[in-house]
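Asker:
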Amino acid sequence: MEIEKTRIVTFANMIRAFAAMFLNEPHRTTRNFGGLKAKVGTGIFAKNQRMEPYYVSAFALYRIEFLFRNGKLETTYKPARYHIMLALRILIAGFEMPSVTANAMQGYCNTISDVLQDAAKAEEYIAAAAKIVDNCAGGVIDRDNIRTEPFTDKVISAAKGAVALQGLKNP
Numbered sequence: 016m017e018i019e020k021t022r023i024v025t026f027a028n029m030i031r032a033f034a035a036m037f038l039n040e041p042h043r044t045t046r047n048f049g050g051l052k053a054k055v056g057t058g059i060f061a062k063n064q065r066m067e068p069y070y071v072s073a074f075a076l077y078r079i080e081f082l083f084r085n086g087k088l089e090t091t092y093k094p095a096r097y098h099i100m101l102a103l104r105i106l107i108a109g110f111e112m113p114s115v116t117a118n119a120m121q122g123y124c125n126t127i128s129d130v131l132q133d134a135a136k137a138e139e140y141i142a143a144a145a146k147i148v149d150n151c152a153g154g155v156i157d158r159d160n161i162r163t164e165p166f167t168d169k170v171i172s173a174a175k176g177a178v179a180l181q182g183l184k185n186p
């Protein structure tokens with residue numbers, strides 16, 4: 016049985032997706048990828064870490080890429096896909112999360128996975144996350160503008176605010 020290429024997550028994209036969603040470092044996914052790779056074995060793919068965050072981040076990346084391919088998410092957001100993933104996690108499950116080694120991480124990830132498994136709900140949350148990123152970027156999704164730590168901090172703050180104001184946390 017052949018697996019669709021779109022369902023395969025490369026090692027590099029797995030590192031990027033996990034770092035964006037669970038290490039709050041979407042700004043490091045491209046320009047400073049070497050810094051992320053250096054964390055392999057310590058902060059990424061480390062012993063005793065739960066596998067659920069890796070599965071969920073790969074699933075989120077797949078859902079976002081699916082929306083790009085099907086024209087349901089504007090391709091202008093592609094440079095910000097990893098920021099969208101971070102905002103998505105916050106909107107669905109909140110910013111505060113258990114340690115990646117804690118058993119409680121399973122429940123945290125299940126909350127996200129439950130939304131991602133429902134295509135309509137996933138699309139709704141991804142659209143909300145994209146809007147947050149767009150607002151933070153002032154409508155200018157430019158690689159130089161968005162791939163900085165201050166921009167990531169802005170997205171985190173805006174996503175936390177959206178959860179508090181709109182009650183989106185409870186899917």
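In terms of my numbering, the sequence shown opens at residue 16 and continues consecutively. Idealized CB from N, CA, C, for every residue including glycine. Since we're looking at a predicted model, the values are computed, not measured.
#1: Starting from residue 92, trace the alpha helix (DSSP H) both ways and give me its first and last residue.
#2: I'd like to check one pair, residue 143 with residue 106: are the Cβ atoms closer than 8 Å?
#3: Evaluate the contact criterion for the stretch 27-47 versus the stretch 80-99: three or more CB pairs, one atom per stretch, below 8 Å.
#4: How about the stretch 171-180 and the stretch 115-123: do they share at least three Cβ pairs that are nearer than 8 Å?
#5: I need the straight-line Cα distance from residue 149 to residue 102, nearest angstrom please.
#6: Quick check: what's the CA-CA separation for residue 158 versus residue 80?
#7: Whole angstroms are fine: how far does the CA of residue 147 sit from the CA of residue 89?
#8: Pop quiz: residue 28 and residue 76 are said to be a contact at Cβ under 8 Å. What is the actual Cβ separation, rounded to whole angstroms?
#9: Give the DSSP-derived three-state secondary structure of residue 59 in the structure shown.
#10: Looking at residue 161 and residue 94, is the spacing between their C-beta atoms short of 8 Å?
#11: Put residue 165 into one of helix, strand or coil per three-state DSSP.
Answerer: For this structure:
#1: Against the sequence shown, residue 92 aligns to sequence position 77. Neither: residue 92 is in no alpha helix (DSSP H) and is coded neither H nor E.
#2: The residue you call residue 106 lines up with position 91 of the sequence shown. The residue you call residue 143 lines up with position 128 of the sequence shown. In this structure, residue 106 lies near residue 143, with their beta-carbon atoms less than 8 Å apart.
#3: yes
#4: no
#5: By 1-based counting over the sequence shown, the position of residue 149 is 134. By 1-based counting over the sequence shown, the position of residue 102 is 87. Each residue's alpha carbon lies about 11 Å from the other.
#6: As a working note, residue 158 is residue 143 in the sequence shown. As a working note, residue 80 is residue 65 in the sequence shown. Whole-angstrom Cα-Cα distance: 18 Å.
#7: What you label residue 89 is simply residue 74 of the sequence shown in a count that begins at 1. What you label residue 147 is simply residue 132 of the sequence shown in a count that begins at 1. Their backbone Cα atoms lie some 14 Å apart in a straight line.
#8: For this step, residue 28 is matched to residue 13 along the sequence shown. For this step, residue 76 is matched to residue 61 along the sequence shown. Under the criterion of beta carbons closer than 8 Å, residue 28 and residue 76 qualify as touching, at roughly 6 Å.
#9: As a first step, residue 59 is located in the sequence shown; it is residue number 44 there, counting from the start. Of the three classes helix, strand and coil, the one that applies to residue 59 here is strand, per DSSP.
#10: As a position in the sequence shown, residue 94 is number 79, starting the count at 1. As a position in the sequence shown, residue 161 is number 146, starting the count at 1. Contact flag set, yes.
#11: Working through the sequence shown from its first residue, we reach residue 165 at position 150. Correct three-state label for residue 165: helix.
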